[in-house]
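Student: Numbering (the working numbering), first residue to last: 272 to 700. Structure incoming, see below.
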Ligand code: HAM
């Protein structure tokens, strides 16, 4: 049994290493990010899919038994009923499992927003729990879908205001061309094992394509001269890839062919792509990535249908927004702040006024806990609401102060909600 590592008493009431809280005001931006993605995905005809945070271990083993995400980083456990389960390390396997289980009409188009868990070495932009928005289409190998899914992601980055994002594109080929290429690559790399060490040798047997991804300078030198994957595509895979490129060109989506882009998971076949933010450090500049997978559904006992999708790392994409100073974090200012100057402030008048204004979809706030007049005005100023309404004892009318003009208006209680609604929601920035 492995030795249990205890957390120091000082740390037990802190978020576990590699995780973080998402709280106001930053959470407004997080929510706006997800809302923007949701609106775009819906506009493309995708429906929301919410799957369990954990699945039977076997679901994720399909991601690749030789990939680090599965072999080293998975949060797996046995539950009290002796089931072998794992927290979701990525979104695609769960979506394909749901497809196989429910057999919806094809092509099935879904999007998601969900946390993923990987036991990584934490650093900025690399977490043990990270969030992704993503989309998948299952049921057709049509290259138009490759173009559509890339358009969905690329246009989303543009809608955030990001301009320094590079789209890298490659094709892994179909099973047949990929198998032939792996053989060629192993042949080419084998003579270098002695110089490059045991780890290299192990990778060469277990997952040779991952070597193309290596950041080790000694290995980079060798792979620069390696045979290239796109040169080994079958005629069919090659034609498919050509159509995808023609579609992207027609849509005016710039891309760069990256023959050594292999991505992390075993399930990829055909088109693969990654979005790199030029504003971020190269080690964590991938803000999204995806590709086609031809056999995942069949491997889970489903029909032999192809799928394609992508995942976008929310934290990283927001770092890219920071670096480009776009997609600002400011929550919309309040419409109304209610200052309660009644001597007996225990009555519900202020609460009723807030309730009535909220029924009209106005954003409203007040001070709680019987604060002094001065404290209330201070809080009102901090909120910067567009209107401040003053409730006074015995007054038949309320005073409404308009921030933009500094004007004061006297408005009857019966009329104030309509008055604010007209000026408030109608003129919202
Ligand atoms: P992935 O490349 O592993 O792909 O993750 C997608 C994105 O999630 C990455 O580009 C990155 O922005 C972010 N990400 C990944 N790991 C971390 C981490 N530890 N900390 C912070 N951000 C992270 C997938 O997960 C595939 N399921 C994508 C896909 C969908 N392929 C087909 N369909």
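All residues carry an ideal CB built from backbone N, CA and C; glycine is no exception. Fair warning: this is a prediction, and the values are worked out from it, not measured in the lab.
I'd like to check one pair, residue 541 with residue 577: are the Cβ atoms closer than 9 Å?
Tutor: Taking the chain shown and counting its residues from 1, the one referred to as residue 577 is at position 306. Taking the chain shown and counting its residues from 1, the one referred to as residue 541 is at position 270. Against a cut-off of 9 Å, the Cβ pair of residue 541 and residue 577 comes out as a contact.
Student: Counting only runs of 4+ residues fully inside the region 491-547, write out the alpha helix (DSSP H) ranges in chain order.
Tutor: DSSP runs (the alpha helix (DSSP H)) wholly in the region 491-547: 506-522.
Student: Looking at the strands, I want to know which residues DSSP matches up with residue 431.
Tutor: The count along the chain shown starts at 1 and reaches residue 431 at position 160. According to DSSP, residue 431 bridges with nothing at all.
Student: Just to confirm the assignment: which complete beta strand (DSSP E) runs, minimum length 3, are found wholly within the region 430-481?
Tutor: 436-442
Student: Among the residues of its own chain, which have a CB less than 7 Å from the CB of residue 652, if the five just before and after it don't count?
Tutor: Start at 1 with the first residue of the chain shown, and residue 652 comes out as number 381. Here the set comprises nothing.
Student: Can you give me the C-alpha to C-alpha distance between residue 314 and residue 384, rounded to a whole angstrom?
Tutor: As a first step, residue 314 is located in the chain shown; it is residue number 43 there, counting from the start. As a first step, residue 384 is located in the chain shown; it is residue number 113 there, counting from the start. Distance between the alpha carbons of residue 314 and residue 384: 16 Å.
Student: Assuming residue 535 and residue 340 make a contact with CB atoms under 8 Å, what is their CB distance in whole Å?
Tutor: As a position in the chain shown, residue 535 is number 264, starting the count at 1. As a position in the chain shown, residue 340 is number 69, starting the count at 1. Yes, they are in contact, since the Cβ atoms of residue 535 and residue 340 sit about 6 Å apart, within 8 Å.
Student: Which runs of the beta strand (DSSP E), 3 residues or longer, sit entirely within the region 582-620?
Tutor: 607-611
Student: Considering just the uninterrupted stretch of the alpha helix (DSSP H) at residue 310, what are its terminal residues?
Tutor: Taking the first residue of the chain shown as 1, we reach residue 310 at position 39. 297-314 is the extent of the alpha helix (DSSP H) around residue 310.
Student: Give a yes or no on whether the C-beta atoms belonging to residue 529 and residue 441 are separated by under 9 Å.
Tutor: Counted from its first residue, the chain shown places residue 529 at position 258. Counted from its first residue, the chain shown places residue 441 at position 170. Contact flag set, yes.
Student: Inspect the beta-carbon positions of residue 688 and residue 627 and report whether they are closer than 9 Å.
Tutor: Walking along the chain shown from the start, residue 688 turns up at place 417. Walking along the chain shown from the start, residue 627 turns up at place 356. For residue 688 and residue 627, yes; Cβs fall inside 9 Å.
Student: Specify, as a first and last residue, the run of the beta strand (DSSP E) that residue 673 falls within.
Tutor: On the chain shown, position 402 is the one that residue 673 refers to. 668-673 is the extent of the beta strand (DSSP E) around residue 673.
Student: For the alpha helix (DSSP H) containing residue 383, name the first residue and the last one.
Tutor: As a position in the chain shown, residue 383 is number 112, starting the count at 1. Taken as a continuous stretch (DSSP letters only), residue 383 belongs to no alpha helix (DSSP H), being part of the beta strand (DSSP E) at 379-388.
Student: Go ahead and pull the three-state DSSP assignment for residue 291.
Tutor: On the chain shown, position 20 is the one that residue 291 refers to. Looking at residue 291 - three-state DSSP - the assignment turns out to be coil, as it is neither helix nor strand.
Student: Here's a check: name, in chain order, each residue in its chain whose Cβ is nearer than 7 Å to the Cβ of residue 521, leaving out the five neighbours to either side.
Tutor: Along the chain shown, read from residue 1 onward, the residue named residue 521 stands at position 250. Cβ within range, chain order: n/a, list empty.
Student: Could you pull the DSSP bridge partners for residue 409 from this structure?
Tutor: Position 138 of the chain shown, counted from the first residue, corresponds to residue 409. DSSP, once it has assigned bridges, lists 379, 578 as partnering residue 409.
Student: Taking residue 406 and residue 584 to be in contact with their CB atoms under 8 Å, please state how far apart those CB atoms are, rounded to whole angstroms.
Tutor: The residue you call residue 406 lines up with position 135 of the chain shown. The residue you call residue 584 lines up with position 313 of the chain shown. The beta-carbon distance between residue 406 and residue 584, rounded to whole angstroms, is 14 Å. This is too long to meet the 8 Å contact definition.
Student: Using alpha carbons as the reference points, say which of 325, 662, 364, 414 lies closest to residue 348.
Tutor: Start at 1 with the first residue of the chain shown, and residue 348 comes out as number 77. Residue 348 has its Cα closest to that of 325, out of 325, 662, 364, 414.
Student: So residue 631 is in the beta strand (DSSP E); what residue range does that whole segment cover?
Tutor: As a working note, residue 631 is residue 360 in the chain shown. Residue 631 -> no beta strand (DSSP E), and no H or E assigned at all.
Student: Which residue from 452, 352, 335 puts its Cα closest to that of residue 498?
Tutor: As a position in the chain shown, residue 498 is number 227, starting the count at 1. From the listed residues 452, 352, 335, the smallest Cα separation to residue 498 is found for 452.
Student: I need the boundaries of the beta strand (DSSP E) containing residue 564, first residue and last residue.
Tutor: Position 293 of the chain shown, counted from the start, is the residue given in the question as residue 564. Segment 557-564, the beta strand (DSSP E) holding residue 564.
Student: Hey, how far is the Cα of residue 321 from the Cα of residue 555?
Tutor: The count along the chain shown starts at 1 and reaches residue 321 at position 50. The count along the chain shown starts at 1 and reaches residue 555 at position 284. Computed Cα separation, rounded: 27 Å.
Student: Per the DSSP calculation, residue 682 is bridged to which residue(s)?
Tutor: Looking up residue 682 in the chain shown gives position 411. 669, per the DSSP bridge assignment.
Student: Tell me whether residue 349 sits in a helix, a strand or coil according to DSSP, three-state version.
Tutor: Within the chain shown, the letter at position 78 stands for residue 349. Of the three classes helix, strand and coil, the one that applies to residue 349 here is strand, per DSSP.
Student: Can you name the residues that DSSP bridges to residue 659?
Tutor: Within the chain shown, numbered from 1, the residue matching residue 659 stands at position 388. Note: residue 659 sits in a beta bridge opposite 608, 672.
Student: State the beta-bridge partners of residue 327 as determined by DSSP.
Tutor: Numbered from its first residue, the chain shown carries residue 327 at position 56. Answer is 356.
Student: Does the Cβ of residue 545 lie closer than 8 Å to at least one heavy atom of the ligand HAM?
Tutor: Here the question's residue 545 lines up with position 274 in the chain shown. Yes, the Cβ of residue 545 comes within 8 Å of a heavy atom of the ligand HAM.
Student: When we look at the beta-carbon of residue 272 and count the other beta-carbons within 10 Å, is it buried (16 or more) or exposed?
Tutor: Translated into positions along the chain shown, residue 272 becomes position 1. Residue confidence is low: residue 272 scores 44 on pLDDT, short of 50, so the model does not pin down where it sits. Its coordinate-derived value is still stated next. Classification for residue 272: exposed.
Student: If you draw a straight line from the alpha carbon of residue 428 to that of residue 467, how long is it in whole angstroms?
Tutor: As a position in the chain shown, residue 428 is number 157, starting the count at 1. As a position in the chain shown, residue 467 is number 196, starting the count at 1. Distance between the alpha carbons of residue 428 and residue 467 is about 39 Å.
Student: Taking 6 Å as the limit between beta carbons, can you name the residues of its chain near residue 690, skipping five residues before and five after?
Tutor: Reading the chain shown from its first residue, position 419 is the one you call residue 690. Excluding sequence neighbours, residue 690 sits near 682.
Student: Which residue comes first and which comes last in the alpha helix (DSSP H) that contains residue 282?
Tutor: Working through the chain shown from its first residue, we reach residue 282 at position 11. Unbroken run through residue 282: none, as it is neither H nor E.
Student: For residue 598, which residues of its own chain have a beta-carbon under 6 Å away from its beta-carbon, when the five flanking residues on both sides are left out?
Tutor: Along the chain shown, read from residue 1 onward, the residue named residue 598 stands at position 327. Same-chain partners within the cutoff: 431, 432, 592.
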